[in-house]
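Position one of the first sequence corresponds to residue 1438 (this note's numbering), numbered consecutively onward. Note that CB positions come from ideal geometry on N, CA and C, so glycine has one too. A quick note: this is a predicted structure, and the numbers were derived from the prediction, not measured.
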Amino acid sequence: MANKETKNETNKFQAIISHAKEYGFIFQSSEIYDGLSAVYDYGPWGSELKKNIRDYWWKSMTRMHDNIVGIDAAIFMHPTTWKASGHVDGFSDPMIDNKDSKKRYRVDHLIEGYADTLDKDAAEALLARMNQLLAADDLDGLKQLILDEKITCSVSGTSNWTDVRQFNLMFSTQLGSVSEEASEIYLRPETAQGIFVNFLNVQKTARMKIPFGIAQVGKAFRNEIVARQFIFRMREFEQMEMQFFIRPGTEEEWYAYWKEERMNWHLSLGFSPDKYRFHDHDKLAFYAKAAVDIEFEFPFGFKEVEGIHSRTDHDLSQHQKFSKKKLQYFDTEINQNYVPYVIETSIGLDRTVLMVLSEAYAEEDIPKEDGTKDSRVVLRIPPRVAPIKLAVLPLTKKDGLPEIARDLIKECREDFYCFYEEKDAIGKRYRRMDALGTPYCVTIDYQTKEDQTVTIRDRDSMTQERIPLDKVKEWVSLRIR
RNA sequence: GCGGAAGUAGCUCAAUUGGUAGAGCGAUAGCCUUCCAAGCUAUAGGUUGCGGGUUCGACCCUCGUCUUCCGCUCCA
1438 MANKETKNET NKFQAIISHA KEYGFIFQSS EIYDGLSAVY DYGPWGSELK KNIRDYWWKS
1498 MTRMHDNIVG IDAAIFMHPT TWKASGHVDG FSDPMIDNKD SKKRYRVDHL IEGYADTLDK
1558 DAAEALLARM NQLLAADDLD GLKQLILDEK ITCSVSGTSN WTDVRQFNLM FSTQLGSVSE
1618 EASEIYLRPE TAQGIFVNFL NVQKTARMKI PFGIAQVGKA FRNEIVARQF IFRMREFEQM
1678 EMQFFIRPGT EEEWYAYWKE ERMNWHLSLG FSPDKYRFHD HDKLAFYAKA AVDIEFEFPF
1738 GFKEVEGIHS RTDHDLSQHQ KFSKKKLQYF DTEINQNYVP YVIETSIGLD RTVLMVLSEA
1798 YAEEDIPKED GTKDSRVVLR IPPRVAPIKL AVLPLTKKDG LPEIARDLIK ECREDFYCFY
1858 EEKDAIGKRY RRMDALGTPY CVTIDYQTKE DQTVTIRDRD SMTQERIPLD KVKEWVSLRI
1918 R
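Below, the structure written as structure tokens:
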């Protein structure tokens, strides 16, 4: 039974991926060249959906909060940024695999572990040799050292090792068009640092008073060891982050506040609360005082969509140290200077898109009036983020009906995304709109010509009501907010 | 990254022992049609993932490679 359910969920996930491609939501990157692993492109409706989610988040965080402003920092940053943040040293470790146990080790951990079994002088000599090789990036030398010392895998007990490989979390590239003058810089692995380095710029120019937040949406890049599960874990992805700067000592209450606030945002999309849960981090990162994930139940299990972290003053202090610039705030209420503490909310935009698609996708059987069965695939996307809000469908493409439809679109398209369709039977057009997640369809029929009314059909219930033509814009607008 | 499986039209799949690649759906154009897919006609669309090898001849056998899926592994 459990197996069957797992299989069904796997099938559902496959179906969602297929549907996303077939209906123009998400394509694999560079597909005509056989694709690029763990990179995806958004098609017409996928980019619209993604943009709507991004806009909804942006509006919720900035416009709906007096004390949060946005920025748009560059992807390229000064290389020292990543030294200060800990990304350079923390995430570029040589790795080695044991071919028998399939176990992967960080080379330094492996050698250090072995050194612990030696006497003091031998251990020190070994570690000195290792550090020398590490500093020189001599990967072959490191492998030779492991072989010479006959270091074995604790699981398999063998020394059947792969070559030593460098694992780099960050992508690097060259800044400068002439290679000799070029310096190596990184594509940012997170958007947060762009906020931290601009802390004072924003605080001063936007005249912000603590507590206040800075929001940002943007691309980030990470070399994942295993990147899988469609757009859940990509090498290039988009984050929506907000760093909230607070007075030291108030972090607990603000952490609790944002934890609740962010969960409420998710629930405002209208999905079942059962689909969400908090997951507290047991093992905290070196900078964090507390951390919690908001997890969503994807077809492949509960997975992290958003993280809320209490980051202390770690980041600002680090940048203060490396840049030798004061990153402090004078708090007039308590008459004190301090480096603010930070509560971070960080949500993956692509993951949120996948969350919406996963929850929206449904295959339905519909009993017909004559007793036979009908079926449809429908995306129950929350109306406020649906790519197309309204389809306008003339019942036939004759007798002036298309003209009325075109006029209605002209009236509405400034306010929300409309779609015109006159091909095929009306039922078929409804199904096509269901498959794209369009919440409302207006049909122009012959009665429209007589009394200026239209039918408007609801995607989820498939029921219709008749409303005046000149009320359509208002009717839809009210329901997509 | 390792192991296993797979790759034929946009999608789902066919194609005897190796002998010139087909169908349904979808798409497009037109016809029909007065409110919930699967009516009619026509058209487009494939160097069978890619590259070598064996063969008179390869979708089929073989090697490599790329991609995807499943399991393991790593992870801020």
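Query: Pair within 7 Å by beta-carbon distance, Thr1892 and Arg1903; Result: yes
Query: Helix, strand or coil at Tyr1694 according to DSSP, with G and I counted as helix; Result: helix
Query: Close beta carbons around Pro1820, own chain, < 8 Å, minus the five adjacent residues each side; Result: Lys1826, Pro1876, Tyr1877, Arg1916, Ile1917
Query: Residue from Asp1907, Val1790, Leu1704 whose Cα sits closest to the Cα of Glu1848; Result: Asp1907
Query: 8 Å contact criterion, which Gln1653 and Gly1507 should meet: CB distance rounded; Result: 6 Å
Query: Sequence-distant residues of the same chain with beta carbon closer than 6 Å to Ile1803, five excluded per side; Result: Asp1811
Query: Expected contact under 8 Å - CB spacing of Ile1668 and Val1790 to nearest Å; Result: 7 Å
Query: Sequence-distant residues of the same chain with beta carbon closer than 8 Å to Ala1728, five excluded per side; Result: Asp1717, His1718, Leu1721, Ala1722, Gly1744, Ile1745, His1746, Ser1747
Query: Inter-stretch contact (C-beta, 8 Å, three-pair minimum) for the stretch 1827-1834 and the stretch 1480-1494; Result: no
Query: Phe1790 - containing beta strand (DSSP E), residue span; Result: The question names Phe, yet the displayed sequence has Val at residue 1790. Taken as a continuous stretch (DSSP letters only), Val1790 belongs to no beta strand (DSSP E), being part of the alpha helix (DSSP H) at 1786-1797.
Query: Three-state class that DSSP yields for Leu1756 in the structure shown; Result: The question names Leu, yet the displayed sequence has His at residue 1756. In the structure shown, His1756 sits in a helix (DSSP, three-state: H, G or I).
Query: DSSP state of His1718 mapped onto helix, strand, coil; Result: coil
Query: Host alpha helix (DSSP H) of Thr1554 (start-end); Result: Neither: Thr1554 is in no alpha helix (DSSP H) and is coded neither H nor E.
Query: Residues of its chain near Gly1655, where Cβ-Cβ distance is below 6 Å and the 5 sequence neighbours each way are ignored; Result: Thr1628
Query: Helix, strand or coil at Tyr1460 [DSSP, three-state]; Result: coil
Query: Helix, strand or coil at Arg1813 [DSSP, three-state]; Result: strand
Query: Cβ pair Ile1784, Ile1841 closer than 7 Å; Result: no
Query: Own chain, CB closer than 8 Å to Asp1871, minus 5 neighbours either side, in chain order; Result: Arg1813, Val1814, Val1815, Leu1816, Arg1896
Query: Beta-carbon contacts of Arg1866 that lie in its chain and below 8 Å, excluding the five residues immediately before and after; Result: Ala1828, Leu1830, Glu1858, Lys1860, Cys1878
Query: Distance between beta carbons of Pro1626 and Arg1659, contact taken as under 8 Å; Result: 5 Å
Query: Inter-residue spacing [alpha-carbon to alpha-carbon] between Arg1869 and Glu1911; Result: 24 Å
Query: Ranges of the beta strand (DSSP E) found wholly within the stretch 1630-1686, counting only runs of at least 3; Result: 1649-1658, 1673-1683
Query: Bridge partner(s) assigned by DSSP for Tyr1766; Result: Tyr1775
Query: Three or more C-beta pairs below 8 Å linking the stretch 1747-1760 and the stretch 1633-1643; Result: yes
Query: Selection from Pro1905, Met1899, Arg1894 that minimises the alpha carbon distance to Asp1888; Result: Pro1905
Query: The beta strand (DSSP E) enclosing Asp1919, as first and last residue numbers; Result: A query on residue 1919 cannot be resolved here, the shown segment of the chain reaching from 1438 to 1918 and no further.
Query: Complete beta strand (DSSP E) runs within the stretch 1838-1885 (minimum length 3 residues, chain order); Result: 1855-1857, 1877-1881
Query: Val1601: first and last residue of the uninterrupted alpha helix (DSSP H) it sits in; Result: First-last for Val1601: undefined, no H or E at that position.
Query: Close beta carbons around Thr1610, own chain, < 8 Å, minus the five adjacent residues each side; Result: Glu1621, Ile1622, Tyr1623, Leu1624
Query: Distance between beta carbons of Asn1504 and Pro1648, contact taken as under 8 Å; Result: 6 Å
Query: Collapsed DSSP secondary structure at Gln1611 in the structure displayed; Result: strand
Query: Three-state class that DSSP yields for Phe1739 in the structure shown; Result: strand
Query: Cross-strand partners of Ser1513 (DSSP beta bridge); Result: Reading off the sequence shown, one finds Phe at residue 1513, where the question assumed Ser. Answer is Leu1624, bridged to Phe1513.
Query: Close Cβ partners of Met1567 (< 6 Å) along its chain, the five nearest in sequence each way excluded; Result: Ile1548
Query: Three-state secondary structure assigned by DSSP to Leu1830; Result: strand
Query: Whether Phe1708 touches Glu1796 by CB criterion (7 Å); Result: yes
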